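Participant: Could you have a look at this structure, given as structure tokens, before my questions?
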Ligand code: PSU
Ligand code: MN
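In the numbering used here, the protein residues as written are 1236 to 1541.
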């Protein structure tokens, strides 16, 4: 297995010492945001993790090598090339690696790779979920199944209203994945700090979350947990306004007949256009917020594993 992997020196050393490493995905860079904001955001995420006293591990596949911890140049390459880098989820990994291609890893692929090397905390913006109309289309993101498989905590800002939040929660329940709300009982909805749905449990400190994770894995309950961290109040968008943009983007997508893995990137791009860029600013702010919390959880976990 190790012949396919390359860890940066910094990540390798940090993992030898403990758990103070935070994984970061790369599809958010290539497909989630436009250049150059994506590049700036990816570098700032790493900076926040370092300032919190942890080591960032941005994950991507570069010319067929699974890289855990990227150089600035590698991050810039993915940011610049954007959607031409292949969006790589679990099913795509063996193809991209065996063909020596470049792949930007989704939440599912990043969680798989991170947990393989012993990283226990991962920060992102939003995860994939059960799409609206999934009872007909069967479009359920592989992110949800992956969360059930890997021993990793994924810190996100909840799920976007482009998804069916209620079905996403049901699916996670079926898969045995706990959904925690950080200082909230309401499931955050990405651009807005709350929704009409409830998380399973509210937890108010990184230590409380770390203790739950530690207990889960000590008990041998494999799989991850979803830590939902609401967008800070000052950046939370107006619900009516953003939901209108989301509905319009969904309508356009259906008219164009966009399906499968292209849906999420199309929706994100169209929502940015419809909101004149304000959804992108909210997106960036919530990712930073998640990098802070993920690092704080990683530090507490590190102490528990000592
Ligand atoms: N949600 C976002 N930004 C993103 C994604 C989701 O707000 O960049 C990306 C993540 O990489 C996630 C993927 O894992 O989209 C989910 O894609 P799909 O729905 O095709 O599984
Ligand atoms: Mn899908």
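C-beta: ideal position from N, C-alpha, C; glycine also.
Since this is a predicted model, take the numbers as computed values, not measurements.
Thinking residue 1349 and residue 1258 are a contact (beta carbons under 8 Å), I'd like their distance in whole angstroms, please.
Facilitator: Confirmed, Cβ separation roughly 4 Å.
Participant: Leaving out the 5 sequence neighbours to the left and right, which residues in its chain are closer than 6 Å to residue 1281 when beta-carbon positions are compared?
Facilitator: Within the same chain, residue 1281 has close Cβ partners 1291.
Participant: Between residue 1433 and residue 1421, is the Cβ-Cβ spacing less than 9 Å?
Facilitator: Contact flag set, yes.
Participant: Any residue with its Cβ nearer than 5 Å to a heavy atom of the ligand PSU should be included. What is that list in chain order?
Facilitator: Working through the chain, the matches are 1262, 1263, 1267, 1341, 1342, 1360, 1361, 1363, 1376, 1378, 1496, 1499.
Participant: Would the beta-carbon of residue 1527 be found less than 8 Å away from any heavy atom of the ligand MN?
Facilitator: No.
Participant: Taking the continuous beta strand (DSSP E) assigned at residue 1438, which residues delimit it?
Facilitator: It spans 1436–1438 - the beta strand (DSSP E) in which residue 1438 sits, taken as one unbroken run.
Participant: Measuring alpha carbon to alpha carbon, tell me which of 1262, 1448, 1466, 1508 ends up nearest residue 1418.
Facilitator: Residue 1418 has its Cα closest to that of 1466, out of 1262, 1448, 1466, 1508.
Participant: What I want to know is whether the C-beta of residue 1473 ends up closer than 8 Å to one or more non-hydrogen atoms of the ligand MN.
Facilitator: No, Cβ of residue 1473 sits at least 8 Å from all heavy atoms of the ligand MN.
Participant: With a cut-off of 8 Å on the beta carbons, I'd call residue 1381 and residue 1346 a contact; round off their distance for me.
Facilitator: Their Cβ separation, rounded to whole angstroms, is 5 Å, which keeps residue 1381 and residue 1346 in contact under 8 Å.
Participant: With distances taken between CB atoms, is the gap from residue 1352 to residue 1250 smaller than 9 Å?
Facilitator: Their beta carbons are under 9 Å apart, which means residue 1352 touches residue 1250 by this criterion.
Participant: In three-state terms, what does DSSP make of residue 1341?
Facilitator: Three-state DSSP puts residue 1341 in coil, outside helix and strand.
Participant: For residue 1533 and residue 1283, what's the separation of their Cα atoms in angstroms?
Facilitator: Each residue's Cα considered, the two are about 13 Å apart.
Participant: Please find out if some non-hydrogen atom of the ligand MN comes closer than 8 Å to the beta-carbon of residue 1380.
Facilitator: Because no heavy atom of the ligand MN lies under 8 Å away, the Cβ of residue 1380 does not count as near it: no.
Participant: For the beta strand (DSSP E) containing residue 1256, name the first residue and the last one.
Facilitator: Per DSSP, residue 1256 belongs to the beta strand (DSSP E) from 1256–1259.
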